[in-house]
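Structure first, commentary second.
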Amino acid sequence: MYKPTIRASYMGVFVGALLNNLPPLLFVLLMRDFNLSFEQVGRLVLINFTTQIVVILTSTRPVNRYGVRPFITAAHLFAVVGFILFAFAPRLFPNHPYWALMIATFIFSIGGGLIEFLVSAIVQAIPSDAKAAAMSLLHSFYAWGLIVVVLGTTLMLNLLKGLNWHYIVLAWAIVPLINFFNFMRAPLAPPVEETERTPTKELITSPFFLLVMLGIALGASSELAMSQWTSAFAESVLGLSKTTGDLLGLSVFAALMGIGRHLYGKYGKRINILTVMFWGSAFAAVCYLVASLSPIPILSLVACSLCGFGVSLLWPGSLSVAAERFPNAGSTVFALLAAGGGAGAAVGPWLLGLIADNVP
C-alpha cells in the first residue's frame with residue numbers, strides 16, 4: 270500500500286541531496302564568473318542551512334494542524350522556483366548577481382527545510398517492525414543522490430566546457446518537479462493523534478534529547494563540511510582537475526556514506542546503533558586529521574573520501590535513537606533534530622571557507 274510513498278520519500282531525500290550539493294559543485298565557476306571569495310560562496314551554504322533551520326522550527330505546528338501533504342508538495346515547488354531563479358540570476362540581475370544567488374538560495378532552501386524533516390516523519394509513520402533500519406535505508410538515498418548529482422553535473426560541465434552552467438541547474442530542476450506530482454498521489458499514513466502526541470516542552474527539557482541534538486549537529490557539521498568542500502579543496506589546494514576532484518573525492522565520499530547507511534539498513538537489527546555511531550565518530554576524526562595535516566596530497570584526498578563511511582550513521586542514527594525514545598512525538602522530533610543538524614551543517618562549511626580566506 271505504501272510503496273509509492275516510500276519511493277516518493279526516497280526521491281525526496283534525493284532532492285534534498287540535490288539542493289544541498291549542486292551549488293557547491295559550482296563554487297569554482299561562481300567564483301570565476303562573479304569574482305566571489307571563499308567566504309561569499311561559503312555564505313551561500315550558511316544561508317541555505319540557516320533558512321532550513323528557521324523553516325523547520327516554524328513549520329511543525331502548521332504541519333500538525335493541516336497535515337503533511339500540503340507542505341511536502343509545496344516544498345518541491347519552492348525547490349523548482351529557487352533553482353530557476355538561481356539559473357537566471359546573472360541575466361535577471363546583471364549588476365547584482367550575488368544578491369540574486371542569495372535570494373534564489375533562500376527560496377530553494379525553504380523547500381529543503383520542509384523536505385528534510387517531513388520525509389523522515391512520513392517514513393516513520395508507516396507501520397514497520399524495523400524502523401531504525403528503514404530510516405537508515407531512507408537516508409542512504411542522500412548519498413546515492415549525491416553521487417548522481419556529482420556524476421551528472423561533472424558530465425554536463427565537461428560537455429559544456431565549464432560554460433553555461435545555468436543550463437545544468439535548469440536540468441536538475443526537473444527532479445523536484447516530478448516528485449511534486451509523486452507526493453500529490455502517494456498515500457500517507459495517519460499521524461499521531463494530538464491527544465497522544467508528546468509535548469514539545471517534554472522534548473526540549475529532556476537531557477537525553479538535548480544530547481542527541483548536539484550529536485546530530487556535530488555529525489552534520491562533520492559530514493557537510495567535508496562533502497561540500499572536497500571538490501574545491503582538491504582543485505584549489507591539491508592542484509587536481511575539477512573532474513578528478515569530484516570523481517575521486519566527493520563521489521567516493523558519498524559512495525562510502527551510502528554503503529554505511531545501506532548496510533545498517535539491511536543488517537541493523539544485529540548491531541547496536543550507538544556503538545556504530547561511536548566508532549564512526551572516532552574514524553571520522555582520524556580522517557579529518559589526516560586530510561588536514563598530511564603532506565601528501567593524494568593521501569589527504571583519500572582521507573576526505575574515507576570520512577564518508579565514518580559519518581554515515583551519525584545523522585540517521587540520531588533520528589532513530591530519538592524516535593525510539595519518543596515514539597509519540599510525531600513530526601516534532603524530526604523537526605527539532607533536523608534543525609539541530611541544520612545548525613551544524615550551516616556552520617561547518619561556512620567556517621571552513623572563513624578559515625581558508627584568513628589562514629595562510
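Following our numbering, the numbering of the sequence shown begins with 270 at its first residue and continues without gaps.
The beta carbon of each residue, even a glycine, is placed where N, CA and C say it ideally should be.
Residue i, buried or exposed, once every other Cβ within 10 Å from all chains shown has been counted against 16
i: residue 548; result: exposed
i: residue 276; result: exposed
i: residue 390; result: buried
i: residue 345; result: buried
i: residue 448; result: buried
i: residue 508; result: exposed
i: residue 567; result: exposed
i: residue 324; result: buried
i: residue 619; result: buried
i: residue 270; result: exposed
i: residue 471; result: exposed
i: residue 379; result: buried
i: residue 365; result: exposed
i: residue 551; result: exposed
i: residue 474; result: exposed
i: residue 540; result: exposed
Unbroken alpha helix (DSSP H) run spanning residue i, endpoints
i: residue 585; result: 583 to 594
i: residue 557; result: 542 to 562
i: residue 414; result: 400 to 428
i: residue 293; result: 272 to 294
i: residue 432; result: Unbroken run through residue 432: none, as it is neither H nor E.
i: residue 630; result: With the chain covering only 270 through 629, there is no way to say anything about residue 630.
i: residue 315; result: 307 to 335
i: residue 347; result: 338 to 361
i: residue 520; result: 520 to 536
i: residue 369; result: 366 to 394
TODO: Note down, one range per segment and in chain order, each alpha helix (DSSP H) of at least 4 residues found wholly within the region 452 to 492.
DONE: DSSP runs (the alpha helix (DSSP H)) wholly in the region 452 to 492: 469 to 473.
Open item on the list: For the structure I just gave you, are there three or more beta carbon pairs, one from the region 423 to 442 and one from the region 290 to 305, closer than 8 Å?
Closed with: Taking 8 Å as the limit for Cβ pairs, the verdict is that the region 290 to 305 does touch the region 423 to 442.
TODO: Determine, using beta-carbon pairs with one atom in the region 577 to 595 and one in the region 490 to 505, whether at least three such pairs fall under 8 Å.
DONE: Three or more Cβ pairs drawn from the region 577 to 595 and the region 490 to 505 lie within less than 8 Å of each other, which places the two stretches in contact.
Open item on the list: Taking 8 Å as the cut-off, does the region 304 to 315 touch the region 586 to 603 (at least 3 CB pairs, one atom from each stretch)?
Closed with: Touching, no, given that fewer than three Cβ pairs across the two stretches are closer than 8 Å.
TODO: Could you tell me whether the region 563 to 576 touches the region 448 to 456, where touching means 3 or more Cβ pairs closer than 8 Å?
DONE: These segments do not touch.
- [ ] Tell me, please, whether the region 395 to 415 touches the region 358 to 369 by the rule of three or more beta-carbon pairs shorter than 8 Å.
- [x] Result no; under three Cβ-Cβ pairs closer than 8 Å.
Task: Any 3 or more C-beta pairs closer than 8 Å across the region 425 to 435 and the region 333 to 353 - done: The region 425 to 435 makes no contact with the region 333 to 353; the number of CB pairs closer than 8 Å stays below 3.
Task: Stretch-stretch touch, CB-based, cutoff 8 Å, three pairs: the region 325 to 335 with the region 391 to 410 - done: As far as the Cβ criterion goes, the region 325 to 335 does not touch the region 391 to 410, which means the pair count is below three.
- [ ] Kindly confirm or deny that the region 590 to 598 and the region 294 to 314 touch, where touching means at least three C-beta pairs closer than 8 Å.
- [x] Output reads no: the region 294 to 314 does not touch the region 590 to 598.
Open item on the list: Within 8 Å, do at least three Cβ pairs link the region 605 to 615 to the region 550 to 566?
Closed with: No, the region 550 to 566 is not in contact with the region 605 to 615.
Task: Three CB pairs or more closer than 8 Å across the region 397 to 407 and the region 585 to 593 - done: Counting C-beta pairs with one atom in each stretch, the region 397 to 407 and the region 585 to 593 have three or more that are closer than 8 Å, which means they touch.
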